[in-house]
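Here's the structure, in structure tokens; my notes come after.
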Amino acid sequence: MGGGGRGGGGRMAMRDESAQRQANASAPRVPDLGRRILGLFAPHRAQIILTIALVLVVAAIAVFPPLLTQRVFDEALFPPQGGPDLQLLWALIGIMVALWVSSSLLGIWQTWLTSRVGNTVMGELRNSLFDRLQGMELAFFTRTKTGVIQSRLQNDVGGVANVLSNTVSSVVGNTVTVIASLVTMLILSWQLTIAAVLLTPLLIFLQRRVGQVRARIATQTQESLSEMTAITQETLSVSGILLAKAFGRQRDESTRYREENDRQVALQVRLTMSGQTFFAVVSIFISILPAVIYVIAGYLITGGDVGVTAGTLVAFTTVQARLLMPLMGLLRVALDLQTSAALFARIFEYLDLRPTIVPPATPLAPVAGKLGEVEFDDVEFRYPDARESEPNTLDGVSFTLAPGTFAAFVGPSGAGKTTIGYLLPRLHEVTGGAVRFAGVDVRELEPAALTDHIGIVSQEPYLFHASIAENLRYAKPEATDQELDAATRAASIYDTIHRFPDGYDTIVGERGYRLSGGEKQRIAIARVLLKDPAVLVLDEATSALDTVSERVVQAALDEAARGRTTLAIAHRLSTIRDADVIFVIDTGRIVERGTHDDLLGLGGTYARLFAQQAAR
Numbered sequence: 001m002g003g004g005g006r007g008g009g010g011r012m013a014m015r016d017e018s019a020q021r022q023a024n025a026s027a028p029r030v031p032d033l034g035r036r037i038l039g040l041f042a043p044h045r046a047q048i049i050l051t052i053a054l055v056l057v058v059a060a061i062a063v064f065p066p067l068l069t070q071r072v073f074d075e076a077l078f079p080p081q082g083g084p085d086l087q088l089l090w091a092l093i094g095i096m097v098a099l100w101v102s103s104s105l106l107g108i109w110q111t112w113l114t115s116r117v118g119n120t121v122m123g124e125l126r127n128s129l130f131d132r133l134q135g136m137e138l139a140f141f142t143r144t145k146t147g148v149i150q151s152r153l154q155n156d157v158g159g160v161a162n163v164l165s166n167t168v169s170s171v172v173g174n175t176v177t178v179i180a181s182l183v184t185m186l187i188l189s190w191q192l193t194i195a196a197v198l199l200t201p202l203l204i205f206l207q208r209r210v211g212q213v214r215a216r217i218a219t220q221t222q223e224s225l226s227e228m229t230a231i232t233q234e235t236l237s238v239s240g241i242l243l244a245k246a247f248g249r250q251r252d253e254s255t256r257y258r259e260e261n262d263r264q265v266a267l268q269v270r271l272t273m274s275g276q277t278f279f280a281v282v283s284i285f286i287s288i289l290p291a292v293i294y295v296i297a298g299y300l301i302t303g304g305d306v307g308v309t310a311g312t313l314v315a316f317t318t319v320q321a322r323l324l325m326p327l328m329g330l331l332r333v334a335l336d337l338q339t340s341a342a343l344f345a346r347i348f349e350y351l352d353l354r355p356t357i358v359p360p361a362t363p364l365a366p367v368a369g370k371l372g373e374v375e376f377d378d379v380e381f382r383y384p385d386a387r388e389s390e391p392n393t394l395d396g397v398s399f400t401l402a403p404g405t406f407a408a409f410v411g412p413s414g415a416g417k418t419t420i421g422y423l424l425p426r427l428h429e430v431t432g433g434a435v436r437f438a439g440v441d442v443r444e445l446e447p448a449a450l451t452d453h454i455g456i457v458s459q460e461p462y463l464f465h466a467s468i469a470e471n472l473r474y475a476k477p478e479a480t481d482q483e484l485d486a487a488t489r490a491a492s493i494y495d496t497i498h499r500f501p502d503g504y505d506t507i508v509g510e511r512g513y514r515l516s517g518g519e520k521q522r523i524a525i526a527r528v529l530l531k532d533p534a535v536l537v538l539d540e541a542t543s544a545l546d547t548v549s550e551r552v553v554q555a556a557l558d559e560a561a562r563g564r565t566t567l568a569i570a571h572r573l574s575t576i577r578d579a580d581v582i583f584v585i586d587t588g589r590i591v592e593r594g595t596h597d598d599l600l601g602l603g604g605t606y607a608r609l610f611a612q613q614a615a616r
């Protein structure tokens, strides 16, 4: 469908993409974003507490080596009197090695915990998004590109993976290390400490400004990734490739992808470079600070400060490095959080979606003895995004079908026939009146009561890239081989399947493209028959087939409809001549109803449609 629209011109597609980006940019911000991000970790409190404890221990251990280094220089290597004290030196070195080994082992454990929690949270986030999307109504998917949805699940969640995996340990570990390092530095020399942290407020100010820029670029980057995913999904599917080749538009599609890819490359470069100047400033600051400390120490020693010894300087510069690197880590985490805020907002935007069609609070069961009865009572329907000036898709539609009735719905394209078929299983929600199944309003039934008793065969059956057996068992996973045989025989596809070398194990290809149209349709019919539904909805199930395939499939449909209430949305009137009742739909209303002969006798809309088809 998307390819057909592009055939009308690339400029329109670009305008649509631009409008989508503007809409995304102007979307309301998700409230309490920070609180909601923290809430993702709530189910993993025990592991997080253990992680924090390990981080605190590792950070505490890190304080001691610099102090031991001071003793190594001032007491073991260069004591005030005499030569080096080797016994003390070995003891101090032994303690330092033990601390480093312990810190490394605990660090490995902490990294494992961090990775486990982060990736688990990310997996739960994907599951929550997928579950939310599964619960959305059909209309959401008709107005949203599949590629955009895929991008939210993959690109956006993947974009925050680093934040989810490393934020807790990085923030806690670096904060503790910074505090411990500051305390140690103050113990060694408060004068040198003031000089070391003097420019820190400037770095924090620069980080906030850079983070704001990166957040804006990150939003644009994800929107571009969404568009690239959508282009890939549309044009590299079997249907998209066929369309492009049929109209000779491969080069245009490549150009479209290349333009968006070039935009993505430029955005990625901007995103990467937006923080490099800031970190270059931090790096320069870290590099020159030891030299500044040496100069200040020289003046302090010249001024008679006996507390600044060689050991003090070595220990101080060691601790100083341990201060600045964690400080840089905190600035980087803050920058990542600012950058990822846009991605989290996009994720929570989907998590906050609320379906318009929801299960009832206290569901009712179908009335016993009425299974298969269908009633439309003064039904009105209009799509949520319809303009006020547009008429209702359906307006005042009323009819009742007794169990086992074969009813056909005919009329011009866009009259509302398919909408009637989709209102019964509650794929759309009525905006007025009521639809009843088995004597109960479908809005008051448990969803399973509808899906278990209503089967749909559409014009374009969807088959997975899997075996025939797997596609059939999608309707009934526990179906036996005997049940598969019975369903495929009833659908007139049994012999065809067993002519394939692999039989039921034959892989059908994406969307079933290794099969003919008639074969796909009959497998779809067999799949529905495995459910054994009380009501069958046939949505122009033979209109896309050639005459020979139509006859075979129609025979399968006739067999499937036997003993079931059937709503057949028909394009070819020859397929529904024997229907118990035919409803003629025009501009959302039932304008005629009756049998084939009755409607021909009226000489109205049905008679005119029948004459037009007969003349072809």
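For the sequence shown, the UniProt record's numbering assigns the number 1 to the initial residue and increments by one for each residue that follows. Glycine included, every Cβ here is placed at the ideal spot set by N, Cα and C. Everything numeric in this text was worked out from a predicted model, so none of it was measured.
From A25 to R346, what distance separates their C-alpha atoms?
-> As a working mapping, residue 25 is identified with position 25 in the sequence shown. As a working mapping, residue 346 is identified with position 346 in the sequence shown. Caution applies to A25, whose pLDDT of 40 falls short of 50 and renders its modelled position unreliable; the value that the coordinates give is listed next. So the alpha carbons of these two residues sit roughly 11 Å apart.
With contact counted as at least three CB pairs below 8 Å, one residue from each stretch, are the stretch 66 to 86 and the stretch 369 to 377 in contact?
-> no
CB R214 to CB S151, shorter than 8 Å?
-> Here residue 214 refers to the residue found at position 214 when the sequence shown is read from its first residue. Here residue 151 refers to the residue found at position 151 when the sequence shown is read from its first residue. No; because the gap between Cβ atoms is not below 8 Å, this pair is not in contact.
Among I49, S574, L599, G34, nearest to F583 - alpha-carbon criterion = Numbered from its first residue, the sequence shown carries residue 583 at position 583. Proximity to F583 across I49, S574, L599, G34 peaks at L599, based on C-alpha coordinates.
From A334 to L198, what distance separates their C-alpha atoms?
-> Counting from one through the sequence shown, the residue named residue 334 turns up at place 334. Counting from one through the sequence shown, the residue named residue 198 turns up at place 198. Distance between the alpha carbons of A334 and L198 is about 20 Å.
For E478, three-class secondary structure by DSSP | In the sequence shown, residue 478 corresponds to position 478, counting from 1. E478 falls in the coil class under three-state DSSP.
Under a three-way DSSP split, which group does V379 fall into?
-> As a working note, residue 379 is residue 379 in the sequence shown. Here V379 sits in strand by DSSP.
May I have a chain-ordered list of the beta strand (DSSP E) segments no shorter than 3 residues that lie completely inside the stretch 504 to 553?
-> 535 to 539
Three-state secondary structure (DSSP) at E429?
-> Position 429 of the sequence shown, counted from the start, is the residue given in the question as residue 429. E429 falls in the coil class under three-state DSSP.
Reference F399; option with closest CA among E349, G594, A59 | The count along the sequence shown starts at 1 and reaches residue 399 at position 399. Cα-wise, what sits closest to F399 is G594.
Helix, strand or coil at S398 according to DSSP, with G and I counted as helix = Locating residue 398 in the sequence shown gives position 398, counting from the first residue. Looking at S398 - three-state DSSP - the assignment turns out to be strand.
Length-filtered (4 minimum) alpha helix (DSSP H) runs lying within the stretch 243 to 273 = DSSP runs (the alpha helix (DSSP H)) wholly in the stretch 243 to 273: 250 to 273.
Closest to D485 by CA distance: which of G517, L133, A449, I525 is it?
-> Taking the sequence shown and counting its residues from 1, the one referred to as residue 485 is at position 485. Taking only the C-alpha atoms, the option nearest D485 is I525.
Quick one: residues in its chain with C-beta nearer than 6 Å to the C-beta of S458, no 5 flanking neighbours on either side, listed in chain order?
-> Locating residue 458 in the sequence shown gives position 458, counting from the first residue. Result list for S458: D539, in chain order.
Can you tell me which of the three DSSP states G594 falls into?
-> Within the sequence shown, numbered from 1, the residue matching residue 594 stands at position 594. G594 falls in the strand class under three-state DSSP.
Per-residue DSSP class, three states only, for L445 | On the sequence shown, residue 445 is found 445 positions in, with the first residue counted as 1. If DSSP states are grouped into helix, strand and coil, L445 belongs with the strands.
Hey, out of L445, I93, Q134, G159, whose CA is closest to M122's CA?
-> Here residue 122 refers to the residue found at position 122 of the sequence shown. For the residues L445, I93, Q134, G159, the minimum Cα distance to M122 belongs to G159.
Rounded distance between the beta-carbons of A570 and F409, thought under 8 Å = Mapped onto the sequence shown, residue 409 falls at position 409. Mapped onto the sequence shown, residue 570 falls at position 570. Contact flag correct, Cβ pair sits at about 7 Å.
Would you please state the rounded distance, in angstroms, between the beta carbons of L530 and A475? I believe it to be under 8 Å.
-> The residue you call residue 530 lines up with position 530 of the sequence shown. The residue you call residue 475 lines up with position 475 of the sequence shown. Yes, they are in contact, since the Cβ atoms of L530 and A475 sit about 4 Å apart, within 8 Å.
Identify which residue in V442, Y504, A449 has its Cα closest to the Cα of S467.
-> Indexing the sequence shown from 1 puts residue 467 at position 467. Shortest Cα-Cα distance from S467 to any of V442, Y504, A449 involves Y504.
To the nearest whole angstrom, what separates the beta carbons of I231 and E260, a pair I think is in contact under 8 Å?
-> For this step, residue 231 is matched to residue 231 along the sequence shown. For this step, residue 260 is matched to residue 260 along the sequence shown. That belief holds up - the Cβ atoms of I231 and E260 are roughly 6 Å apart, short of 8 Å.
Can the beta-carbon of L188 be found less than 8 Å from the beta-carbon of A315?
-> In the sequence shown, residue 188 corresponds to position 188, counting from 1. In the sequence shown, residue 315 corresponds to position 315, counting from 1. Contact flag set, yes.
Between G404 and G372, is the Cβ-Cβ spacing less than 8 Å?
-> The sequence position of residue 404 within the sequence shown is 404, counting from 1. The sequence position of residue 372 within the sequence shown is 372, counting from 1. Contact: yes.
Pick out whichever of L343, V148, M228, A180 has its Cα sitting closest to the Cα of L125.
-> Indexing the sequence shown from 1 puts residue 125 at position 125. It is L343.
Assign R35 to one of two classes, buried (16 or more other C-beta atoms within 10 Å of its C-beta) or exposed (fewer than that).
-> The sequence position of residue 35 within the sequence shown is 35, counting from 1. Exposed.
Taking the C-alpha atoms as reference points, what is the distance between T51 and W112?
-> As a first step, residue 51 must be located in the sequence shown, where it is residue number 51. As a first step, residue 112 must be located in the sequence shown, where it is residue number 112. Taking the straight line from one Cα to the other gives about 9 Å.
DSSP three-state assignment for V584, whether helix, strand or coil | Residue 584 sits at position 584 when you count from the first residue of the sequence shown. The DSSP-derived three-state label of V584 is strand.
At which residues does the beta strand (DSSP E) containing F409 begin and terminate?
-> Indexing the sequence shown from 1 puts residue 409 at position 409. Looking at the DSSP string, the run of the beta strand (DSSP E) that includes F409 is 406 to 410.
Which class does A434 belong to by DSSP, given the choice of helix, strand or coil?
-> The residue you call residue 434 lines up with position 434 of the sequence shown. Looking at A434 - three-state DSSP - the assignment turns out to be strand.
Note down, in chain order, each residue of its chain lying with its Cβ closer than 7 Å to the Cβ of F381, except the 5 sequence neighbours on either side.
-> Translated into positions along the sequence shown, residue 381 becomes position 381. Once the five neighbours on either side are set aside, the close Cβ partners of F381 are N392, T393, L394, T419, L423, H428, V430, T431.
In angstroms with no decimal places, state the Cα-to-Cα distance between R522 and I456.
-> Indexing the sequence shown from 1 puts residue 522 at position 522. Indexing the sequence shown from 1 puts residue 456 at position 456. Computed Cα separation, rounded: 13 Å.
DSSP-derived helix/strand/coil call for G601 = Counting from 1 along the sequence shown, the entry for residue 601 is found at position 601. Three-state DSSP puts G601 in a helix.
Please determine, among G369, R608, F141, the residue with the shortest C-alpha to C-alpha distance to P355.
-> Counted from its first residue, the sequence shown places residue 355 at position 355. It is F141.
Kindly list the residues whose CB is nearer than 8 Å to the CB of D597, restricted to its own chain and excluding five residues on each side of it in sequence; keep chain order.
-> In the sequence shown, the residue the question calls residue 597 occupies position 597. No residues qualify anywhere along the chain.
May I ask you to report which of helix, strand or coil DSSP gives S389?
-> Numbered from 1 along the sequence shown, position 389 holds the residue referred to as residue 389. It is coil, neither helix nor strand.
Give every residue of the same chain whose Cβ lies closer than 8 Å to the Cβ of G9, excluding the five residues on either side of it in the sequence, and list them in chain order.
-> Reading the sequence shown from its first residue, position 9 is the one you call residue 9. Per-residue confidence for G9 stands at a pLDDT of 38, beneath the threshold of 50, marking its modelled position as unreliable; no derived number is given.
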